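See structure below.
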Amino acid sequence: MSDNILKIDGLQVAYGGIKAVKGIDLEVNRGELVTLIGANGAGKTTTLKAITGTLPPCKVAGTISYQGQPLASNKSFKLVQQKLAMVPEGRGVFTRMTIHENLLMGAYTRNDKAGIEADIDGWYAVFPRLKERSAQLAGTLSGGEQQMLAMARALMCHPTLLLLDEPSMGLAPIMVEKIFEVIRDVSQRGITVLLVEQNARLALQAAHRAYVMESGLITMSGDARAMLDDPRVQAAYLGE
Ligand code: ATP
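Here the sequence shown is numbered in the working numbering, starting from 557 and rising by one per residue.
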């Protein structure tokens, strides 16, 4: 099997006259934690939406392949069947369902009841706050708790590739630390991760490799640790 889980070649996306992505190449290899960093409006979310086929009507060019096959589907249930899971910006939990029901929804492509319950117990062990509130409606959770739930739900399908869009956005520092702890743990379990983040420091500390996106273009790429030491990255993204 190819070592390439995700390969993007020459991706361009234009919303009417706005060229949000101007021809980017990006790849994520099996087992890697890759981060895509960049300022507001650089085109990061648009890139993720192109992967999941959830773009609004717009002009798209280029190719995206997943495990060696072109990703043509824009049906999210098909993505889950292909073990490609996404936690969107703003979490997207089912607010009128309980926490437990949300986790069960994440496993709807599976039928191993005992395995599903074991996984839920495993996530409750990682996130005790979810366990304490398992019968509560997800809409009553704090932003950080919803982020935890959204991640646990996405992981219930045992994804090959997990896409995370700004998981730290709007969270208190203690929650941000917890979320990054879990991202590292998920990566250590062998799940391939593409992480879009504005918190460049934490993202670069956690990732193996990184891409910097500016105004729709990839302007830098390479080893994440080396980028932490790069004066251009420090000046533009690390406030140094
Ligand atoms: P953010 O962190 O704010 O989400 P981003 O790097 O993810 O930033 P995108 O959301 O991909 O950036 O936006 C890239 C560009 O495309 C921006 O100029 C944005 O205004 C524009 N854009 C995004 N979505 C749409 C849309 N649905 N219609 C028109 N323009 C859009």
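Quick reminder that beta carbons are idealized off the backbone N, C-alpha and C, glycines included.
Bear in mind the structure is a predicted one, so any value in this text is a computation, not a measurement.
Query raised in the report: Does the ligand ATP have a heavy atom nearer than 6 Å to the CB of A576?
Result: yes
Requested in this report: Thinking L773 and I580 are a contact (beta carbons under 8 Å), I'd like their distance in whole angstroms, please.
Outcome: 7 Å
Requested in this report: Sort M725, R652, L592 by Cα distance to A763 and report the nearest one.
Outcome: L592
Query raised in the report: When DSSP labels each residue in this structure, what does M557 get in the three-state scheme?
Result: Unreliable positioning characterises M557 in this predicted model, as indicated by a pLDDT of 46, which lies under 50. The coordinate reading is nonetheless provided below. It is coil, neither helix nor strand.
Report task. Identify which residue in A681, Q637, V569 has its Cα closest to the Cα of P612. Result -> V569
Query - Cβ-Cβ distance between F683 and M704 below 7 Å - result: yes
Report task. Taking only heavy atoms of the ligand ATP into account, decide whether any of them is closer than 6 Å to the Cβ of Y664. Result -> no
**Report entry** Segments of 3+ residues assigned as beta strand (DSSP E) that fall wholly inside the segment 697-750
**Finding:** 717-721
Report task. Using the Cα positions of A756 and L604, report the straight-line distance between them to the nearest angstrom. Result -> 17 Å
Query raised in the report: What does R781 pair with, by DSSP beta-bridge criteria?
Result: In DSSP, R781 forms no bridge with anything.
Report task. Leaving aside the five residues before and after M557 along the sequence, list all residues of the same chain whose C-beta is less than 6 Å from its C-beta, in chain order. Result -> Any reading at M557 must be qualified, since the residue scores a pLDDT of 46, below 50, and its modelled position is unreliable; no value is offered.
Query raised in the report: Where does I561 land, buried or exposed, given buried means 16+ other C-beta within 10 angstroms?
Result: buried
Query raised in the report: Taking 6 Å as the line, does the beta carbon of N596 fall inside it for any heavy atom of the ligand ATP?
Result: yes
Query raised in the report: So the alpha helix (DSSP H) T591 belongs to, where does it begin and stop?
Result: Run containing T591: none in the alpha helix (DSSP H); it sits in the beta strand (DSSP E), 589-593.
Query raised in the report: Got a sec: does the ligand ATP put a non-hydrogen atom nearer than 6 Å to the Cβ of K615?
Result: no
**Report entry** A792 - containing alpha helix (DSSP H), residue span
**Finding:** 787-793
Report task. For the beta strand (DSSP E) holding N585, just list the boundary residues, first then last. Result -> 574-585
Query raised in the report: Could you give the residue range of the alpha helix (DSSP H) that holds A641?
Result: Here A641 belongs to no alpha helix (DSSP H); instead the beta strand (DSSP E) covers 640-643.
Query raised in the report: By how many angstroms is the C-alpha of T619 removed from the C-alpha of E722?
Result: 24 Å
Requested in this report: Assuming L717 and A710 form a contact by the criterion Cβ under 8 Å, report the distance between their Cβ atoms to the nearest whole angstrom.
Outcome: Not quite, the Cβ-Cβ distance comes to about 11 Å (not below 8 Å), so this is no contact.
**Report entry** Span of the alpha helix (DSSP H) around G609
**Finding:** It is not in any alpha helix (DSSP H) - G609 carries neither H nor E in the DSSP assignment.
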